[in-house]
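Peer 1: Numbered as in my numbering, the sequence shown ends at 131 without a single skipped number. Beta carbons are placed, not taken as given, at the ideal position from N, Cα and C, and that holds for glycine.
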Amino acid sequence: ETILSTVRELEGAIVISTALHRLGKVPVGAHVFRDPRFHLLLDRFKSRLPFFGSRQIANSLHGLGAVCYRSKGPWVEMVSIQTQRRIHEFEPQHVSNTLWACARMQLHEPLMLRALTCR
13 ETILSTVREL
23 EGAIVISTAL
33 HRLGKVPVGA
43 HVFRDPRFHL
53 LLDRFKSRLP
63 FFGSRQIANS
73 LHGLGAVCYR
83 SKGPWVEMVS
93 IQTQRRIHEF
103 EPQHVSNTLW
113 ACARMQLHEP
123 LMLRALTCR
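1. Near Arg-67, which residues of its chain fall below 7 Å by C-beta distance, leaving aside the five closest residues on each side in sequence?
2. From Pro-39 to Leu-125, what does the alpha carbon distance come to, in whole angstroms?
3. Around the C-beta of Cys-130, are 16 or more other C-beta atoms found within 10 angstroms, so that it is buried, or is it exposed?
4. Below 8 Å between beta carbons: does that hold for Ile-28 and Arg-49?
5. How far does the alpha helix (DSSP H) with Leu-75 in it extend, from its first residue to its last?
6. Does the distance between the C-beta of Ser-83 and the nearest non-hydrogen atom of the ligand MG fall short of 7 Å?
7. Between which residues of its own chain and Pro-62 is the CB-CB distance below 7 Å, once the five residues before and five after are set aside?
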């Protein structure tokens, strides 16, 4: 509740990714996916994704994976492209967190997964 209550104040890549990561650290139910604040957080994530570095990508996906977010759409391709662009920045922990999140969210983006597993 506290994390989602601050969503309107979040603008930058670091704070958005931190919010998503922390959301994955607290127990949430399926009701969170119906919360308009959660959708606002996702919209902010999608709009700021081009500015995310490897750590922000990994932390965001880890948080979404922890809550088993499985919605598909254009954002998945955006994440795949951004991951491929930033793959040289990914540290081993970022790779591990991102692959784990992809498994939890059932993301099957071959180019992204190849880039991660080859890193």
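Peer 2: To lay it out plainly:
1. Taking the first residue of the sequence shown as 1, we reach residue 67 at position 55. Contacts found: His-106.
2. Sequence index remark: in the sequence shown, residue 39 carries index 27 (1-based). Sequence index remark: in the sequence shown, residue 125 carries index 113 (1-based). Each residue's alpha carbon lies about 28 Å from the other.
3. The residue labelled residue 130 in the question sits at position 118 within the sequence shown. When all chains shown are included, Cys-130 counts as exposed.
4. If you number the sequence shown from 1, residue 28 lands on position 16. If you number the sequence shown from 1, residue 49 lands on position 37. Cβ distance not < 8 Å, so Ile-28 and Arg-49 don't count as in contact.
5. The residue you call residue 75 lines up with position 63 of the sequence shown. Sequence inspection shows Gly at residue 75; the Leu mentioned does not correspond to that position. Segment 66-78, the alpha helix (DSSP H) holding Gly-75.
6. What this structure holds is no ligand at all, so the ligand MG is not there to describe.
7. Residue numbering aside, residue 62 sits at position 50 when the sequence shown is read from its first letter. Closer than 7 Å at the Cβ level, and outside the excluded window around Pro-62, lie Gln-94.
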